[in-house]
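Sequence order for the protein chains is A and B.
Read in order, the letters of the first sequence are residues 95 to 208 in the numbering used here.
Read in order, the letters of the second sequence are residues 3 to 112 in the numbering used here.
From the three backbone atoms N, C-alpha and C, an ideal C-beta is built for every residue, glycine too.
Fair warning: this is a prediction, and the values are worked out from it, not measured in the lab.
Scroll down for the structure; my scribbles are underneath it.
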Amino acid sequence: NAGVTQTPKFQVLKTGQSMTLQCAQDMNHEYMSWYRQDPGMGLRLIHYSVGAGITDQGEVPNGYNVSRSTTEDFPLRLLSAAPSQTSVYFCASSYSIQGGSPLHFGNGTRLTVT
Amino acid sequence: TQLLEQSPQFLSIQEGENLTVYCNSSSVFSSLQWYRQEPGEGPVLLVTVVTGGEVKKLKRLTFQFGDARKDSSLHITAAQPGDTGLYLCAGRHSGNQFYFGTGTSLTVIP
C-alpha cells in the first residue's frame with residue numbers, strides 16, 4: 095500500500111520554465127490538496143479538490159494550476175516558475191474533510207527556482 | 003497573516019524536561035489536529051480534537067482544545083530524543099480548507 099506518492103523528489107528550474115509536480119494516492123480518498131512549506135510559515139494551502147472534476151483555490155493559488163480528472167491523481171502545474179516559488183511542496187489526501195479525518199501526506203518535492 | 007499562530011517557534015530542551023507548545027487563533031475551528039514532521043518526510047497525524055475543552059492523552063503527550071475552540075496546546079512530559087521534530091497544529095475553519103499553524107521545531111538533547 096503506497097499511500098501518497100509524489101514525484102519528483104527534487105527539481106531545479108530556471109525562471110520562466112514550467113513543470114508539473116505529480117501526486118497519486120491509492121487509498122480511494124476523495125479529498126486531495128497541495129501545500130507549500132516555507133521556513134517559519136508552516137504549510138500553506140495552494141489548491142484542493144473534494145472529488146474528481148472539482149477543484150478550488152486555497153490561501154496561495156497564484157502561479158499554480160491543478161486538475162482532477164481521476165480520483166487517484168492530482169497534479170500541480172507551475173505555469174512560469176519564479177524564485178518566490180522555491181519551496182517544499184506537499185500533496186495530501188484524506189478520506190473526508192468532515193469529522194477530523196487525518197490528512198495523509200507524501201514525502202514532498204523540493205523545488206528550487208534560479 | 004497566518005490563521006493559526008504557534009509558540010514558541012523553536013524549543014531546545016534537555017531529555018527528561020517537560021514542555022508545552024501553544025496554537026492560537028482568533029477564529030473558531032470545528033476540529034483541530036496536531037501533526038509531527040521529521041526531516042525529509044511529510045507530517046504525520048498525532049491526534050484530532052473536536053469538542054471544546056476536550057483533553058486527549060497519547061502516552062507522554064497531552065493535547066487540549068480550548069473551551070471556545072480557538073486554541074489548543076500540546077504538553078510533553080519527560081521529553082525524549084525521539085520526540086525531536088516539527089510540531090504543527092491544523093484546523094478546519096470553514097468550508098473545505100485545512101489551515102496549518104506556523105510550526106514549533108523541538109530539539110531534545112540527550
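- Message: Measuring only the C-alpha atoms, how far is B:Ser74 from B:Gly55?
- Response: For B:Ser74 and B:Gly55, the distance between alpha carbons rounds to 9 Å.
- Message: Let me see if you follow: with CB-CB separation under 7 Å, is B:Gln66 close to chain A or not?
- Response: No, no contact with chain A.
- Message: Contact defined as beta carbons within less than 8 Å: I believe B:Ala92 pairs with B:Gln8. What is the distance between those atoms, to the nearest angstrom?
- Response: Taking 8 Å as the upper bound for CB-CB distance, B:Ala92 and B:Gln8 are not in contact here, some 11 Å apart.
- the region 120-129 of chain A / the region 175-189 of chain A touching (three or more Cβ pairs under 8 Å): The region 120-129 of chain A is in contact with the region 175-189 of chain A.
- Output the distance between the C-alpha atoms of A:Asp150 and A:Cys117, rounded to the nearest integer angstrom. Between A:Asp150 and A:Cys117, the C-alpha separation is close to 17 Å.
- Message: Counting only C-beta atoms, is A:Pro196 closer than 7 Å to chain B at any point?
- Response: Among the CB atoms of chain B, one or more fall inside 7 Å of the CB of A:Pro196.
- Message: With a threshold of 7 Å between beta-carbons, can A:Leu205 be considered close to chain B, or not?
- Response: Not one chain B Cβ lies under 7 Å of A:Leu205.
- Limits of the beta strand (DSSP E) - the one that B:Gln39 falls within: The continuous beta strand (DSSP E) containing B:Gln39 extends over residues Ser33 to Gln39.
- Interface partners of A:Val144 on chain B, CB under 9 Å: The contacting residues are Asn98.
- Message: Within 7 Å of any Cβ in chain B, is that where the Cβ of A:Asn201 sits?
- Response: Residue-level contact check: A:Asn201 touches chain B, since one or more beta carbons of chain B fall below 7 Å from its beta carbon.
- Query: Is the beta carbon of A:Ser174 sitting closer than 7 Å to the one on A:Asp132?
  - Reply: Taking 7 Å as the cut-off, the beta carbon of A:Ser174 is found no closer than this to the beta carbon of A:Asp132.
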